[in-house]
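Numbering (my numbering), first residue to last: 605 to 1042. Beneath this line is the structure, given in structure tokens, with notes to follow.
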Amino acid sequence: MNNLKQVVKKKILLSIILVINCQTYPKNIEILKPLPSNTSKSVRNGLDVLIEDYPNILKDKKVGLVTNHTGITKNLENNYKVFQMNPDIALKKIFAPEHGFFGEASAGAKVNYKNKNFKKAEIVSLYGKNRKPTKNMLKGLDLIIYDIQDIGSRFYTYISTLGIVIEAAAEQDIEIMILDRPNPISGQIIEGAILDTSFKSFVGYYPIPIRYGLTVGELTNMAINENWLSPPPKKVTIVKMDGWRRSMFFDDTDLPWIPPSPNIPNLETAIIYPGMCLFEATNLSEGRGTYKPFLQIGAPWIKKDLINQLKTLKLEGVIINFTKFSPKTIPGKALNPKFENDTCYGSIFNITEKHKYKALETALRKISIINENYNDKFNFNSNTLNKLYGNNSLTNYLNTLSQSNNLNKQNALLDLLHKEGKALKRFSKKSLKYYLYN
């Protein structure tokens, strides 16, 4: 049996390699590959590949840079400083996404950098008055570079900013360059519902799963080829990483971890986030206002016996224990969190096997159990949940549970997961041809 599994794995890997080697891209997409000089087994992100392998490609370009505090080299140098030290590069504008240029703002906080600049490079917030750069903001630019570390979850808004910027640049005939970085929660695992475009929003900009298993470069490649962005860009250059493989989580690389936003302090939180973020749409605390956001979920009315029910599910790759916590305002991390200063009771999740942990199934089973046991107290915002989940199947499922006493709740959830699984297989097959890495 083990030999058979090895044969199947080898065939799958070979098919991926063949697809990548045989890929052709539209004329408006150029893939810059690392030069074959990296004799070590270390990973270089797109920024380092650009600097080390293509030092003259930005010469005489008037550049706009979409970035934040995560846009660093392997040696912790900020991208904008590297560009500004090169006299041949004219960095004119810096565009900052949600959470700000320095990663200083909590979720949803508007950011304004009026009259702020670094050595004549004006800083513009794309999470304030404008989420789309205006014609005036883009005036005079030849190229916009995107360089942000993402976490591989559809509702993490950096990729929404990416899509909006590509569309804005296309309207002004400006070229785009993507400096690729790792998907920190691996490129092999996909989970969750695929976005129904009728629920498109800033927390869901593409028809992809919640955990989509692509790098930002690959997502861009897919979005353009599948015509998800309009109008199509004049030209997009994707600078590939060196040494990254799909099986890698971030801690399998030797790159420095920089928390991509205030409430994603570590890799464990990034792995658990695609599921537990759904609790933002409920009246349970998702742990904001504590130093373990998304790892602990609770409310003042949760009882300890909930843990026993969760443990009977024997969910893979995770240990679940009872916890209590009191959310508080933490400047730059959480402003007026749910149940502020109240004691919440609930569960804390510790990932033991990251390759086996199923973020969405774990979250859905917890939501289902809470809905079943605390039907008189549990509530959710349907509009928000639909946007996060990507369609209305989860809210329909929860509403059905509330209205029916005869429904086999376990089978109903399995049906929901099975339906998702079929759609995920189709997405996986479609996305294969846009892979840039084995």
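Think of the CB as a built atom: it goes at the ideal place given N, C-alpha and C, for glycine as much as any other residue.
Status (buried if at least 16 other CB within 10 Å, exposed otherwise) for residue i
{"i": "Pro878", "result": "buried"}
{"i": "His959", "result": "exposed"}
{"i": "Asp754", "result": "buried"}
{"i": "His1022", "result": "exposed"}
{"i": "Leu639", "result": "exposed"}
{"i": "Glu957", "result": "exposed"}
{"i": "Ile923", "result": "exposed"}
{"i": "Gly1025", "result": "exposed"}
{"i": "Met880", "result": "buried"}
{"i": "Asp784", "result": "buried"}
{"i": "Ser802", "result": "exposed"}
{"i": "Arg892", "result": "buried"}
{"i": "Ser951", "result": "buried"}
{"i": "Asn867", "result": "buried"}
{"i": "Thr761", "result": "buried"}
{"i": "Arg815", "result": "buried"}
Same chain, Cβ closer than 7 Å to residue i, five either side skipped, listed in chain order
{"i": "Gly847", "result": "Asn642, Lys645, Ser646, Val647 and Arg648"}
{"i": "Pro869", "result": "Pro863"}
{"i": "Asp777", "result": "Lys838"}
{"i": "Tyr809", "result": "Ile763, Ser764 and Gly767"}
{"i": "Asn682", "result": "Gly675 and Ile676"}
Distance, residue j Cα to residue i Cα
{"i": "Asn1042", "j": "Gly821", "result": "14 Å"}
{"i": "Asp1019", "j": "Tyr1001", "result": "10 Å"}
{"i": "Leu680", "j": "Val686", "result": "11 Å"}
{"i": "Lys1033", "j": "Lys844", "result": "22 Å"}
{"i": "Lys942", "j": "Asp657", "result": "48 Å"}
{"i": "Met826", "j": "Ile876", "result": "25 Å"}
{"i": "Phe853", "j": "Ser757", "result": "14 Å"}
{"i": "Lys637", "j": "Val667", "result": "21 Å"}
{"i": "Leu888", "j": "Asn945", "result": "14 Å"}
{"i": "Lys993", "j": "Ala694", "result": "Sequence check: residue 993 is Tyr here, not Lys. Cα to Cα, the separation comes out at about 41 Å."}
{"i": "Lys613", "j": "Ala874", "result": "Unreliable positioning characterises Lys613 in this predicted model, as indicated by a pLDDT of 49, which lies under 50. The coordinate reading is nonetheless provided below. Straight-line Cα distance between these residues: approximately 27 Å."}
{"i": "Ser851", "j": "Glu920", "result": "18 Å"}
{"i": "Leu859", "j": "Lys678", "result": "6 Å"}
{"i": "Tyr717", "j": "Thr671", "result": "14 Å"}
{"i": "Ile616", "j": "Gln792", "result": "Confidence in Ile616 is poor, its pLDDT being 49 and thus under 50, which makes the residue's placement too unreliable to answer from."}
{"i": "Pro659", "j": "Phe705", "result": "25 Å"}
{"i": "Gly936", "j": "Ala713", "result": "9 Å"}
{"i": "Ile635", "j": "Pro931", "result": "46 Å"}
{"i": "Ala1027", "j": "Leu899", "result": "28 Å"}
{"i": "Ala963", "j": "Leu1005", "result": "22 Å"}
{"i": "Pro811", "j": "Phe759", "result": "11 Å"}
Residues near residue i in its chain [Cβ-Cβ closer than 8 Å; skip 5 each side]
{"i": "Leu1017", "result": "Leu968, Arg969, Ser972 and Tyr1001"}
{"i": "Ser805", "result": "Lys991"}
{"i": "Glu775", "result": "Lys739 and Pro835"}
Host beta strand (DSSP E) of residue i (start-end)
{"i": "Asp751", "result": "Leu747 to Asp751"}
{"i": "Ser951", "result": "Cys948 to Ile955"}
{"i": "Ile901", "result": "Gln900 to Ala903"}
{"i": "Gly650", "result": "Where Gly650 is concerned, there is no enclosing beta strand (DSSP E), although the alpha helix (DSSP H) it sits in stretches over Gly650 to Asp657."}
{"i": "Leu783", "result": "Glu779 to Leu783"}
{"i": "Lys666", "result": "Lys666 to Thr671"}
{"i": "Val728", "result": "Ala725 to Ser729"}
Close beta carbons around residue i, own chain, < 6 Å, minus the five adjacent residues each side
{"i": "Asn985", "result": "Ala885"}
{"i": "Lys663", "result": "Asp692"}
{"i": "Tyr1045", "result": "What is shown of the chain runs 605 to 1042, which leaves residue 1045 out entirely."}
{"i": "Ile974", "result": "Phe982"}
{"i": "Lys665", "result": "Asp746 and Leu747"}
{"i": "Glu708", "result": "Gly936"}
Terminal residues of the alpha helix (DSSP H) in which residue i lies
{"i": "Lys928", "result": "First-last for Lys928: Val922 to Phe929, but that is the beta strand (DSSP E), not the alpha helix (DSSP H)."}
{"i": "Glu872", "result": "Leu871 to Met880"}
{"i": "Leu766", "result": "Tyr762 to Glu775"}
{"i": "Met741", "result": "Lys739 to Leu742"}
{"i": "Phe687", "result": "Asn683 to Gln688"}
{"i": "Leu695", "result": "Element bounds for Leu695: not the alpha helix (DSSP H) but the beta strand (DSSP E), Ala694 to Ala700."}
{"i": "Ile911", "result": "Asp909 to Thr916"}
Quick one: complete beta strand (DSSP E) runs, 3+ long, within the stretch 810–854? The qualifying runs are 813–815 and 840–843.
In chain order, what are the residue ranges of uninterrupted alpha helix (DSSP H) at least 4 long that sit wholly in the stretch 974–1016? Runs of the alpha helix (DSSP H) lying entirely within the stretch 974–1016, each at least 4 residues long, are 986–993 and 997–1007 in chain order.
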